[in-house]
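*Asks:* Quick note, in the numbering used here, the sequence shown goes up one by one and the last residue is 439. Just so you know, even glycine gets a beta-carbon here, dropped at the ideal spot from N, CA and C. Note that the coordinates shown come from a computational prediction; the quantities given were computed from them, not determined experimentally.
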Amino acid sequence: MEKFRAVLDLHLKHHSALGYGLVSLLTAGGERIFSTAVFQCPCSAAWNLPYGLVFLLVPALALFLLGYVLSARTWRLLTGCCARPGCGSGLRGVLVCAQLSAAAAVAPLTWVAVALLGGTFYECAASGNAFLARRLCLGRDPSCETQMPLVPCGQVKAPDVQELQKELKAQSQVLGWVLVAAVMIVLLICTSVTRCLSPVSFLQLKFWKIYLEQEQQILKSQATEHATELAKENIRCFFESSSPKEHNTPSIKDWQQISSLYTYNPKEQYYSMLHKYVNRKEKNQSIRSSQGDAMIPVLGFVDSTGMNTSAGL
Numbered sequence: 127m128e129k130f131r132a133v134l135d136l137h138l139k140h141h142s143a144l145g146y147g148l149v150s151l152l153t154a155g156g157e158r159i160f161s162t163a164v165f166q167c168p169c170s171a172a173w174n175l176p177y178g179l180v181f182l183l184v185p186a187l188a189l190f191l192l193g194y195v196l197s198a199r200t201w202r203l204l205t206g207c208c209a210r211p212g213c214g215s216g217l218r219g220v221l222v223c224a225q226l227s228a229a230a231a232v233a234p235l236t237w238v239a240v241a242l243l244g245g246t247f248y249e250c251a252a253s254g255n256a257f258l259a260r261r262l263c264l265g266r267d268p269s270c271e272t273q274m275p276l277v278p279c280g281q282v283k284a285p286d287v288q289e290l291q292k293e294l295k296a297q298s299q300v301l302g303w304v305l306v307a308a309v310m311i312v313l314l315i316c317t318s319v320t321r322c323l324s325p326v327s328f329l330q331l332k333f334w335k336i337y338l339e340q341e342q343q344i345l346k347s348q349a350t351e352h353a354t355e356l357a358k359e360n361i362r363c364f365f366e367s368s369s370p371k372e373h374n375t376p377s378i379k380d381w382q383q384i385s386s387l388y389t390y391n392p393k394e395q396y397y398s399m400l401h402k403y404v405n406r407k408e409k410n411q412s413i414r415s416s417q418g419d420a421m422i423p424v425l426g427f428v429d430s431t432g433m434n435t436s437a438g439l
């Protein structure tokens with residue numbers, strides 16, 4: 127039991143990092159399966175380049191879009207957006223989209239990096255590129271350019287031309303390591319800058335995340351209980367042909383306000399839109415935006431929580 131608690135505590139403390147690590151691991155495994163079991167370079171001057179690029183980039187694009195779909199923050203931004211004027215416009219909308227894109231880019235960048243380090247997709251695509259073929263074939267066999275598309279399949283008769291496969295793989299791996307290094311550097315810089323610009327301290331951020339976990343657990347429990355009671359009452363009245371008892375349920379406007387994206391105001395200390403809603407001064411006061419509110423990148427985790435995963439939406 128104690129070991130289970132230790133694992134649970136580790137998950138709660140580092141669930142974001144563990145999630146990104148699991149996504150990267152699954153993406154790397156998927157790329158290996160594709161490159162060995164599915165990918166077969168056509169070894170054709172007309173098809174090598176598009177075929178290699180499709181396997182290198184299209185799965186990355188699909189993973190990028192999937193990252194948007196699986197993000198709870200995406201649906202917070204989009205749900206009911208068309209019914210509200212000016213939704214997601216201006217600097218606030220751009221900032222949210224940039225943060226969503228950064229989170230969604232983890233899997234596609236992993237795919238491209240692992241694919242480049244493997245070299246299979248790049249070898250096929252590069253061997254079908256006429257410009258690259260001319261550069262690599264300088265000083266080699268006269269038929270080098272025409273035989274270049276056959277290099278990934280090992281069907282080249284000239285030994286010096288077949289050796290180009292090693293050069294193409296080396297280029298691919300160099301590009302892969304450059305991409306890995308660039309992503310790590312950008313990630314470190316962005317994380318350091320956002321933490322440096324954080325309006326709250328390190329320990330308060332930890333407390334904030336604990337509060338959000340507890341708020342979402344209690345909200346889901348209370349929502350389930352309230353929905354169950356309302357459903358039971360409606361079904362009872364249907365079968366008994368009686369009038370229902372009064373149930374206090376939040377209005378559409380109330381649900382919209384607590385579902386909107388979080389904004390930080392240094393004059394107030396609210397840990398979520400629900401917290402801000404219950405502490406509003408006037409019952410009819412809107413909490414979506416007020417003077418001094420701002421979107422803070424380091425507080426983006428506030429909108430990432432929800433009663434259900436976005437996959438069920």
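Less than 8 Å separating the beta-carbons of ALA241 and GLU157?
*Replies:* Taking the first residue of the sequence shown as 1, we reach residue 241 at position 115. Taking the first residue of the sequence shown as 1, we reach residue 157 at position 31. In contact: ALA241 and GLU157 (Cβ atoms closer than 8 Å).
*Asks:* Which same chain residues end up closer than 7 Å to ARG260 when comparing Cβ atoms and leaving out the 5 residues on each side of it in sequence?
*Replies:* By 1-based counting over the sequence shown, the position of residue 260 is 134. Answer for ARG260: GLU271, listed in chain order.
*Asks:* Taking 8 Å as the cut-off, decide whether the C-beta atoms of VAL424 and SER324 are in contact.
*Replies:* Here residue 424 corresponds to residue number 298 of the sequence shown, with the count starting at 1. Here residue 324 corresponds to residue number 198 of the sequence shown, with the count starting at 1. In this structure, SER324 lies closer than 8 Å to VAL424 by Cβ.
*Asks:* Count the other CB atoms within 10 Å of the CB of SER398; is the residue buried (16 or more) or exposed (fewer)?
*Replies:* In the sequence shown, the residue the question calls residue 398 occupies position 272. It counts as buried.
*Asks:* Below 8 Å between beta carbons: does that hold for PHE190 and LYS335?
*Replies:* Indexing the sequence shown from 1 puts residue 190 at position 64. Indexing the sequence shown from 1 puts residue 335 at position 209. No, the Cβ-Cβ distance between PHE190 and LYS335 is not below 8 Å.
*Asks:* Taking the C-alpha atoms as reference points, what is the distance between TRP201 and LEU182?
*Replies:* Counting from 1 along the sequence shown, the entry for residue 201 is found at position 75. Counting from 1 along the sequence shown, the entry for residue 182 is found at position 56. Approximately 29 Å, taken between the alpha carbons.
*Asks:* For TYR390, which three-state DSSP category applies?
*Replies:* Your numbering for residue 390 matches position 264 in the sequence shown. Correct three-state label for TYR390: strand.
*Asks:* Please report the straight-line C-alpha distance between SER367 and GLN348, rounded to a whole angstrom.
*Replies:* Within the sequence shown, numbered from 1, the residue matching residue 367 stands at position 241. Within the sequence shown, numbered from 1, the residue matching residue 348 stands at position 222. Rounded to whole angstroms, SER367 to GLN348 spans 28 Å at the Cα level.
*Asks:* For ASP419, which option in VAL282, GLY280, GLN395, LYS409 has the closest C-alpha, if you only look at C-alpha atoms?
*Replies:* Position 293 of the sequence shown holds residue 419. Answer by Cα proximity: GLN395.
*Asks:* At what residue ranges does the segment 183-271 contain a whole run of the alpha helix (DSSP H), taking only runs of 4 or more?
*Replies:* Listed in chain order, the complete alpha helix (DSSP H) runs (minimum 4 residues) inside the segment 183-271 are 198-204, 216-230, 232-244, 246-253, 256-262.
*Asks:* Mapping the DSSP letters down to three states, classify ALA420 as helix, strand or coil.
*Replies:* What you label residue 420 is simply residue 294 of the sequence shown in a count that begins at 1. It is a strand residue.
*Asks:* Would you report the Cα separation of VAL149 and ALA231, rounded to the nearest angstrom?
*Replies:* In the sequence shown, the residue the question calls residue 149 occupies position 23. In the sequence shown, the residue the question calls residue 231 occupies position 105. Rounded to the nearest angstrom, the two C-alpha atoms are 11 Å apart.
*Asks:* Classify LYS139: buried if its beta carbon has 16 or more other beta carbons within 10 angstroms, exposed otherwise.
*Replies:* Looking up residue 139 in the sequence shown gives position 13. Confidence at LYS139 is low in this model, with a pLDDT of 47, below 50, so its placement is unreliable and no value can be given for it.
*Asks:* Taking 8 Å as the threshold (C-beta atoms), are PHE364 and PHE247 in contact?
*Replies:* In the sequence shown, counting from the first residue as 1, residue 247 sits at position 121. In the sequence shown, counting from the first residue as 1, residue 364 sits at position 238. Cβ atoms of PHE247 and PHE364: not closer than 8 Å.
*Asks:* Restricting to Cα atoms, I'd like to know which of VAL300, GLY155, TRP381, THR375 is closest to LEU449.
*Replies:* Here the chain has residues from 127 to 439 only, and residue 449 is not among them.
*Asks:* Kindly list the residues whose CB is nearer than 7 Å to the CB of ALA229, restricted to its own chain and excluding five residues on each side of it in sequence; keep chain order.
*Replies:* In the sequence shown, residue 229 corresponds to position 103, counting from 1. Same-chain partners within the cutoff: GLY193, SER197.
*Asks:* Could you give the C-beta distance for LEU444 and VAL222, rounded to a whole number, given that I count them as a contact under 8 Å?
*Replies:* Lying before the first or after the last residue shown, residue 444 is absent from the chain, which here runs from 127 to 439.
*Asks:* Taking 6 Å as the limit between beta carbons, can you name the residues of its chain near LEU294, skipping five residues before and five after?
*Replies:* What you label residue 294 is simply residue 168 of the sequence shown in a count that begins at 1. Cβ within range, chain order: GLU249, ALA252.
*Asks:* Out of ILE159, LYS409, SER385, state which residue places its alpha-carbon closest to the alpha-carbon of GLN342.
*Replies:* Residue numbering aside, residue 342 sits at position 216 when the sequence shown is read from its first letter. Checked all of ILE159, LYS409, SER385; the closest Cα to GLN342 is SER385.
*Asks:* Run the CB neighbour count on LEU290, radius 10 Å, all protein chains shown included, and call it buried at 16 or more, exposed below.
*Replies:* Numbered from 1 along the sequence shown, position 164 holds the residue referred to as residue 290. Buried: at least 16 other Cβ atoms inside 10 Å.
*Asks:* Leaving out five residues before and five after ALA186 in sequence, what residues of the same chain have Cβ atoms less than 6 Å from its Cβ?
*Replies:* Taking the sequence shown and counting its residues from 1, the one referred to as residue 186 is at position 60. Cβ within range, chain order: PRO234, TRP237, VAL238.
*Asks:* So, under 8 Å CB-CB, GLY155 and CYS167 are touching, yes? Tell me the CB distance rounded to an integer number of Å.
*Replies:* Start at 1 with the first residue of the sequence shown, and residue 155 comes out as number 29. Start at 1 with the first residue of the sequence shown, and residue 167 comes out as number 41. With 8 Å as the limit, GLY155 and CYS167 do not qualify as a contact, their Cβ atoms being about 21 Å apart.
*Asks:* What are the boundary residues of the alpha helix (DSSP H) that TRP334 is part of?
*Replies:* Sequence index remark: in the sequence shown, residue 334 carries index 208 (1-based). Residues 328-366.
*Asks:* So which of ASP286, PHE257, GLN281 has the shortest CA-CA distance to PRO268?
*Replies:* On the sequence shown, position 142 is the one that residue 268 refers to. PRO268 has its Cα closest to that of ASP286, out of ASP286, PHE257, GLN281.
*Asks:* I need the straight-line Cα distance from ASP106 to PRO176, nearest angstrom please.
*Replies:* This structure cannot settle anything about residue 106, because the visible part of the chain is limited to 127 through 439.
*Asks:* Expressed to the nearest angstrom, what Euclidean distance is found between the alpha-carbon atoms of THR153 and CYS208?
*Replies:* In the sequence shown, residue 153 corresponds to position 27, counting from 1. In the sequence shown, residue 208 corresponds to position 82, counting from 1. Whole-angstrom Cα-Cα distance: 34 Å.
*Asks:* Using only alpha-carbon positions, find the residue among GLU359, PRO392, CYS316 that is nearest to VAL326.
*Replies:* The residue labelled residue 326 in the question sits at position 200 within the sequence shown. The option with the nearest alpha carbon to VAL326 is PRO392.
*Asks:* Would you identify the three-state DSSP class for TRP303, choosing helix, strand or coil?
*Replies:* Translated into positions along the sequence shown, residue 303 becomes position 177. Three-state result, TRP303: helix.
*Asks:* When you compare only the Cα positions, how much space is there between LEU276 and SER161?
*Replies:* By one-based count along the sequence shown, residue 276 stands at place 150. By one-based count along the sequence shown, residue 161 stands at place 35. Cα-Cα distance, rounded: 18 Å.
*Asks:* Whose CA, out of TRP381, GLN225, ILE422, lies closest to the CA of VAL404?
*Replies:* The residue you call residue 404 lines up with position 278 of the sequence shown. Selected option, being the one with the closest Cα: TRP381.
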